[in-house]
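Colleague: In our numbering, the protein residues as written are 105 to 381.
1. Along the beta strand (DSSP E) that carries residue 130, what are the first and last residues, could you check?
2. Need the endpoints of the alpha helix (DSSP H) that residue 327 sits in, please.
3. Please confirm if the segment 244-257 is in contact with the segment 311-328, defined as three or more CB-CB distances below 8 Å between the two stretches.
4. Taking C-beta to C-beta, are residue 139 and residue 191 nearer than 8 Å?
5. Are at least three pairs of beta-carbons, each pair with one atom in the segment 191-208 and one in the segment 338-350, less than 8 Å apart?
6. Looking at C-beta atoms only, is the number of pairs between the segment 196-215 and the segment 324-334 that lie closer than 8 Å three or more?
7. Strictly by DSSP, which residues pair up with residue 186?
8. Among the residues of its own chain, which have a CB less than 6 Å from the CB of residue 378, if the five just before and after it don't count?
9. On the criterion of 16 or more Cβ atoms from any shown chain inside 10 Å, does residue 160 qualify as buried, or is it exposed?
10. So for residue 107, helix, strand or coil by DSSP?
11. Rounded to whole angstroms, what is the Cα-Cα separation between residue 168 and residue 136?
12. Kindly confirm or deny that the segment 290-308 and the segment 235-249 touch, where touching means at least three C-beta pairs closer than 8 Å.
13. What does the Cβ neighbour count give for residue 259, buried or exposed, with the cut at 16 atoms within 10 Å?
14. Is the separation between the beta-carbon of residue 158 and that of residue 287 shorter than 8 Å?
15. For the candidate residues 153, 348, 231 and 124, whose alpha-carbon lies nearest to that of residue 166?
So, in structure tokens, the structure goes:
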């Protein structure tokens with residue numbers, strides 16, 4: 105990410121996401137900074153400003169932080185939040201019959217890798233940046249009203265990786281459709297050119313051990329589903345009797361959510377996900 109302000113904003117949103125994924129409310133954060141001595145301090149100022157603006161949006165206080173000299177800039181937040189112990193969203197409690205919803209499109213790893221190679225168009229990059237810096241706050245607040253069965257956020261292990269973790273922990277199997285999964289603009293085109301971060305291939309290698317793929321799925325499609333995400337959306341497992349109320353509340357609060365599949369009992373201990381086209 106060349107823009108230091110957006111870098112800080114995205115890093116902050118990404119750091120806060122774990123609290124929202126558990127149904128919590130973040131209230132305090134510390135800046136964690138690694139920064140080269142040779143770079144101008146104005147860059148660091150912009151990084152911190154971007155993070156500060158996102159923290160303010162989340163009503164979170166940044167109370168200080170730690171700075172380390174390093175050859176490569178790195179930034180994140182150490183976040184503290186609160187939650188009622190009986191209202192925690194867990195990532196291992198999906199139930200047979202649940203619907204699976206996803207609140208953000210995937211493909212940020214592909215888009216940002218393409219940006220490094222300067223082969224992504226501006227509109228596609230701007231859309232990806234806007235998605236990454238968008239907090240999962242509103243989605244979390246809606247879910248607190250509905251009480252879903254299971255929730256996690258989609259980050260470095262990709263959609264398949266985090267869904268596998270949910271299904272394995274719940275003793276269930278998910279069936280998802282590639283064509284129902286929202287993708288960022290230009291994602292398919294760039295993926296067709298072989299543009300992926302290294303982590304996505306590693307994710308796919310692991311996913312192949314526990315995922316059953318339809319024969320007509322391309323290797324490119326599999327890689328997209330395993331694309332390593334930054335500040336991704338919430339992956340939600342919700343019972344059928346709550347799906348209508350949840351979608352209505354999402355719409356009223358400006359949260360987009362795509363129905364990507366459903367949950368069934370585990371009938372094969374080695375298969376946690378079935379992917380159709």
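For glycine and all other residues, C-beta sits at the position ideal for the given N, C-alpha and C.
Modeller: In terms of the structure at hand:
1. Indexing the chain shown from 1 puts residue 130 at position 26. Note, residue 130: beta strand (DSSP E), 129-139.
2. Taking the chain shown and counting its residues from 1, the one referred to as residue 327 is at position 223. Residues 323-329.
3. no
4. Taking the first residue of the chain shown as position 1, residue 139 is located at position 35. Taking the first residue of the chain shown as position 1, residue 191 is located at position 87. In this structure, residue 191 does not lie closer than 8 Å to residue 139 by Cβ.
5. yes
6. yes
7. For this step, residue 186 is matched to residue 82 along the chain shown. For residue 186, which the question treats as bridged, DSSP gives the partners 129.
8. By one-based count along the chain shown, residue 378 stands at place 274. Cβ within range, chain order: 279 and 316.
9. Here residue 160 refers to the residue found at position 56 of the chain shown. Per the 10 Å Cβ criterion, exposed.
10. Counted from its first residue, the chain shown places residue 107 at position 3. Three-state DSSP puts residue 107 in coil, outside helix and strand.
11. Taking the first residue of the chain shown as 1, we reach residue 168 at position 64. Taking the first residue of the chain shown as 1, we reach residue 136 at position 32. Cα to Cα, residue 168 sits roughly 9 Å from residue 136.
12. no
13. Counting from one through the chain shown, the residue named residue 259 turns up at place 155. It counts as buried.
14. Position 54 of the chain shown holds residue 158. Position 183 of the chain shown holds residue 287. Cβ atoms of residue 158 and residue 287: not closer than 8 Å.
15. Mapped onto the chain shown, residue 166 falls at position 62. The option with the nearest alpha carbon to residue 166 is 153.
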